[in-house]
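Since the structure comes first, as structure tokens, the remarks are kept for the end.
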Amino acid sequence: MTQPHHVTKRAYLHDAVDKELIAILRADGRASISKLASLLNISRGTVQNRLDRLVSSGAILGFTVRAHDELETDIVKAMMMIEVTGKSTNQVIQKLRGIPQLTKLHTTNGNWDLVAEIRASDLQEFDRVLGDVRTIDGVLNSETSLLLRTV
Numbered sequence: 006m007t008q009p010h011h012v013t014k015r016a017y018l019h020d021a022v023d024k025e026l027i028a029i030l031r032a033d034g035r036a037s038i039s040k041l042a043s044l045l046n047i048s049r050g051t052v053q054n055r056l057d058r059l060v061s062s063g064a065i066l067g068f069t070v071r072a073h074d075e076l077e078t079d080i081v082k083a084m085m086m087i088e089v090t091g092k093s094t095n096q097v098i099q100k101l102r103g104i105p106q107l108t109k110l111h112t113t114n115g116n117w118d119l120v121a122e123i124r125a126s127d128l129q130e131f132d133r134v135l136g137d138v139r140t141i142d143g144v145l146n147s148e149t150s151l152l153l154r155t156v
């Protein structure tokens, strides 16, 4: 019996240094190559090569600014639970990744298939995001809760 021929892209294998590099960047996304090299006790060239591989492999999706909650008082934040029909989860995830206001996307167990974290600049944008998600082929149902304050 022959196996079907699949072309697979070999994933970049991450080691302890990569994980430590990512942890440092989570805490300080603006850390310079020199600072990273010093903290990790490796050369600047090695840091740059590792960063390039982490970005090209998809391990690092991008670099963002995290503002203090007190500065983002007008941001509309919410959690959206999403139910997906049949086996369309991967296609739905790909479409959801194209909506920039969905800052995080999680698979989950229970009644819902996915949980999305939403950050919108105002209620009009929030309403548009809800509509965009609900019109994606494969999305059967959703429930959204606004996050009012952090306690």
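Residues 6 to 156 in this note's numbering are what the sequence shown lists, from first letter to last. Every residue gets a Cβ at the ideal spot worked out from N, C-alpha and C, and that includes glycine.
With DSSP as the reference, identify every bridge partner of residue i, one or two as the case may be.
i: residue 146; result: 88
i: residue 125; result: 81
i: residue 135; result: Answer is none; residue 135 lacks a bridge partner.
i: residue 111; result: 120
i: residue 152; result: 82
Assign residue i to buried or exposed, taking buried as 16 or more other Cβ atoms, counted over all protein chains shown, within 10 Å of its Cβ.
i: residue 12; result: Low confidence applies to residue 12: its pLDDT is 40, below 50, so where it sits in the model is not reliable, and the reading given next is rough at best. Looking at its Cβ environment, which holds fewer than 16 other Cβ atoms inside 10 Å, residue 12 is exposed.
i: residue 9; result: Unreliable placement is indicated for residue 9, whose pLDDT of 45 sits below 50; the coordinate value is still reported in the next sentence. Its Cβ having fewer than 16 others within 10 Å, residue 9 is exposed.
i: residue 128; result: exposed
i: residue 96; result: exposed
i: residue 106; result: buried
i: residue 31; result: exposed
i: residue 20; result: exposed
i: residue 52; result: buried
i: residue 119; result: buried
i: residue 112; result: exposed
With distances taken between CB atoms, is the gap from residue i to residue j smaller than 8 angstroms?
i: residue 49; j: residue 42; result: yes
i: residue 87; j: residue 144; result: yes
i: residue 101; j: residue 121; result: yes
i: residue 89; j: residue 131; result: no
i: residue 98; j: residue 65; result: no
i: residue 38; j: residue 22; result: no
i: residue 83; j: residue 123; result: yes
Using a Cβ-Cβ cut-off of 7 angstroms (strictly less than) and excluding sequence neighbours within five positions of residue i, which residues of its own chain qualify?
i: residue 137; result: 104
i: residue 14; result: Any reading at residue 14 needs caution, since the residue's pLDDT is 43, under 50, leaving its predicted position unreliable; the model's value is listed next. Closer than 7 angstroms at Cβ, skipping near neighbours: no residue.
For residue i, is the beta carbon positioned less than 7 angstroms from some heavy atom of the ligand SAM?
i: residue 99; result: The ligand content of the structure shown is nil, which means the ligand SAM is not present either.
Leaving out the 5 sequence neighbours to the left and right, which residues in its chain are closer than 8 angstroms to residue i when beta-carbon positions are compared?
i: residue 93; result: 142, 143
i: residue 147; result: 85, 86, 87, 88, 135, 138, 139
i: residue 117; result: 86, 87, 88, 148
i: residue 59; result: 17, 19, 23, 26, 27, 65
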